[in-house]
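In terms of our numbering, the sequence shown is residues 55 to 223. The beta-carbon is built from N, C-alpha and C at its ideal position, and this holds for glycine as well.
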Amino acid sequence: GGGNGLIIGRPSGALDGSLQALAGLLQRAGFAVTVSPRIQRELWFKLWGNMTINPVSALTGATADLIVDDPLVRGFCSAVMTEAQQIGAAFGIPIDQLPDDRHAVTRKLGAFTTSMLQDVRAGRPLEIDALVGVVREIGGHLGMATPNIDALFGLVRLMARERGLYPPA
């Protein structure tokens with residue numbers, strides 16, 4: 055995450071001239087652009103990678119390296135990610151990476167402060183629904199149990215409400 059890289063695509067998967075033109079404009083503006091015929095998969099994969107590290111950092115105040123270096127916390131993150139993988143597979147977007155492999159990628163990024171922890175420190179509203187709530191909601195619509203996602207959502211929502219960073223119940 056971060057940096058100036060963008061992935062663009064159409065929900066239909068079509069790769070047409072206007073999409074290529076947009077990619078060219080963005081590249082000339084200084085962005086590293088990838089055009090993807092599978093944008094839904096790209097979005098789900100990005101969400102899958104961020105839906106634990108961001109809220110766990112907001113809850114703990116820890117940088118990403120400390121989160122993935124703690125076996126208990128990493129294990130909880132993996133359990134959440136596994137539930138999300140099962141949800142994605144159920145609606146046709148399987149993720150073929152293991153949570154531990156994703157944690158290894160995150161670990162290589164070092165001691166970075168996530169955007170959600172930055173938001174907590176700055177007193178900005180947290181994007182809990184967009185990162186965790188939406189996955190929980192999709193699982194509910196599919197009739198799937200999400201006990202770890204529910205726990206993460208409940209904890210980070212309560213923390214945010216207590217700081218005035220999420221609407222009251």
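Where residue i falls, given that 16 or more other Cβ within 10 Å makes a residue buried
| i | result |
| --- | --- |
| T200 | buried |
| Q139 | buried |
| G78 | exposed |
| P109 | buried |
| R281 | The structure shown does not extend to residue 281, since the chain is modelled only from 55 through 223, so no value can be given for it. |
| E137 | buried |
| L212 | exposed |
| R224 | Here the chain has residues from 55 to 223 only, and residue 224 is not among them. |
| G71 | exposed |
| A116 | buried |
Cut-off 6 Å between Cβ atoms - residues of its own chain near residue i, not counting five sequence neighbours on either side
| i | result |
| --- | --- |
| G56 | The predicted model places G56 with a pLDDT of 48, which falls under 50 and marks its position as unreliable; any figure quoted below should be read in that light. The answer is none, since no qualifying residue turns up. |
| H195 | none |
| V87 | L60, A77, L80, Q81 |
| A165 | T117, D119 |
Residue i, enclosing alpha helix (DSSP H) - first and last residue
| i | result |
| --- | --- |
| T88 | Element bounds for T88: not the alpha helix (DSSP H) but the beta strand (DSSP E), 86–89. |
| G59 | Premise fails: G59 lies in the beta strand (DSSP E), 59–62, not in any alpha helix (DSSP H). |
| D70 | That residue, D70, is in no alpha helix (DSSP H); it is neither H nor E in DSSP. |
| P201 | 201–216 |
| V188 | 188–195 |
Same chain, Cβ closer than 8 Å to residue i, five either side skipped, listed in chain order
| i | result |
| --- | --- |
| D204 | R190 |
| G218 | G177 |
| P221 | R215 |
| P65 | I93, Q94 |
Proximal residues to residue i (C-beta, below 7 Å), its chain only, five neighbours per side dropped
| i | result |
| --- | --- |
| T160 | I107, A118, V122 |
| A187 | Per the sequence shown, residue 187 should be read as Gly rather than Ala. F207. |
| F99 | I149 |
Heavy atom of the ligand SAH within 6 Å of residue i beta-carbon
| i | result |
| --- | --- |
| V87 | Inclusion of the ligand SAH in the displayed structure is not the case, the ligand content being empty and no account of it being possible. |
Under 7 Å between C-beta atoms of residue i and residue j
| i | j | result |
| --- | --- | --- |
| S132 | T168 | no |
| P153 | M170 | no |
| I141 | G193 | yes |
| L185 | L113 | no |
| I147 | Q94 | yes |
| P91 | L126 | no |
| D173 | L163 | no |
Quiz prompt | Length-filtered (4 minimum) alpha helix (DSSP H) runs lying within the region 103–175 | solution = 107–114, 118–123, 125–144, 153–162
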